[in-house]
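These notes concern the structure reproduced below.
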Amino acid sequence: MAGSQIRCLESEEPYSKVTESNPEFYYCERQRLALEALLANGEAAFNQCLSREKLRPFLSEGELQELKTAATAEELQAPPSGGAGTYSFGTKRSSLSYWPQHSDDPPPELELGWPDNGAWKGITRAEVYTHPPGEGAPHIKELVRSCIQQAHKVIAIVMDIFTDPDILLDLYDAAIRQRVPVYLILNQQHLHSFLSMAEKTCLNVRHTENLRVRILRGCTFQSRNQKQITGTLKEKFLLVDGQIAITGSYSLVCILVCLLPSTVSKDCIFCEITSSTICPGLRMSCAEDEDCFVGEGVALGVSDVLNKGCTRSINCGKEQPVAYMGVTYSLVTNC
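Counting with my numbering, you get residues 468 to 802 for the letters of the sequence shown.
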């Protein structure tokens, strides 16, 4: 039994209902019902539920439109072949933290290594940098690039939108020339923007030694009417050598730089986020509106991913050579 339930049973004080005016208010079953009505029957049903449940409008017009646009039907999953079972709804990676047989699995290993931060490193220091910078303070982008260029052990980045070519080149240089392990966790919805920027920079991030790119989706809300909404990645921070943690707004407005022991918690957060990530499986555009899927294990250049390496001459399901930057890769497609 949860600790809050035990305290409720042991308490002799009368139960006081938490309303929207209480600071402790963060969840309301009536709001969830209204959201279910929106996903199932549209905005009119949502407004009717608000009136019936005596709720004040808790979603703006923009949020209503985004929710209706983002709502998709859950995938129907067939039972395993050769055995009894029923069809079930849900994505392949839904409820990972709920089912014991999934949550007990070990997280993926950081194959490039991770520095040991067990020793005490002194007193934590935190500094705030803004844009425009204060007197004598560096620009935010200058500070971020300096930390990356001075890295010696590891660089780990969690980012929602990554489209800065200068920082990507610094990461590429650190991985190739300085032999520093670089981990990138990006928002799945904005992966194409990152790949497009990498292509324009003439970098093959899919086949770069000491550089690993993984993608992550936000939390998923699944309704009882087989509708689901997938959120977006909001975490944004940079870890350097297990000693520096930079977090805040990377739109060059304000960041917080923490030095020494406080980075230990960020190490834990990064490992937890990594356990929920997947390797990006990339889709290529074929002729006649057909899609070809490039598997997770295929080493493929970015220019090939972005609709340049797939034509009708590639036979689906068969191994074909693909030349990129003077190197021939083995490509297997499944259309």
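Yeah, the Cβ is synthetic: ideal placement off N, Cα and C, and Gly gets one too.
Asked, Found
"For Val680, three-class secondary structure by DSSP", "strand"
"Buried versus exposed, by CB contacts within 10 Å (16 or more), Leu476", "exposed"
"Leu651 - containing beta strand (DSSP E), residue span", "Val649 to Asn654"
"Under the three-state DSSP convention, the category Leu689 falls into", "Inspection of the sequence shows that residue 689 is occupied by Gln rather than by Leu. Strand."
"Cutoff 6 Å; reference Ser690; Cβ partners in own chain excluding five residues on either side", "Glu503 and Leu506"
"CB-CB length for Leu534 against Ile696, believed under 8 Å", "6 Å"
"Where Val672 sits in the DSSP three-state scheme", "helix"
"Distance between Ile624 and Arg684 (C-alpha atoms, nearest Å)", "15 Å"
"Of the listed residues Lys694, Pro648 and Leu636, nearest to Glu666 (C-alpha basis)", "Leu636"
"CA-to-CA distance, Leu706 to Arg499, given in whole angstroms", "37 Å"
"Residue range of the unbroken alpha helix (DSSP H) whose run includes Tyr596", "Looking at the DSSP string, Tyr596 is not in any alpha helix (DSSP H); the run it does join, the beta strand (DSSP E), is Arg592 to Thr597."
"Own chain partners of Phe525 with C-beta closer than 7 Å, once the 5 adjacent residues on each side are dropped", "Gln498"
"Candidates Ala538, Arg644, Met664 and Phe492, of which the one nearest Thr687 by Cα", "Ala538"
"Proximity winner among Phe704, Leu662, Leu638 and Arg673, relative to His619 (alpha-carbon distances)", "Leu638"
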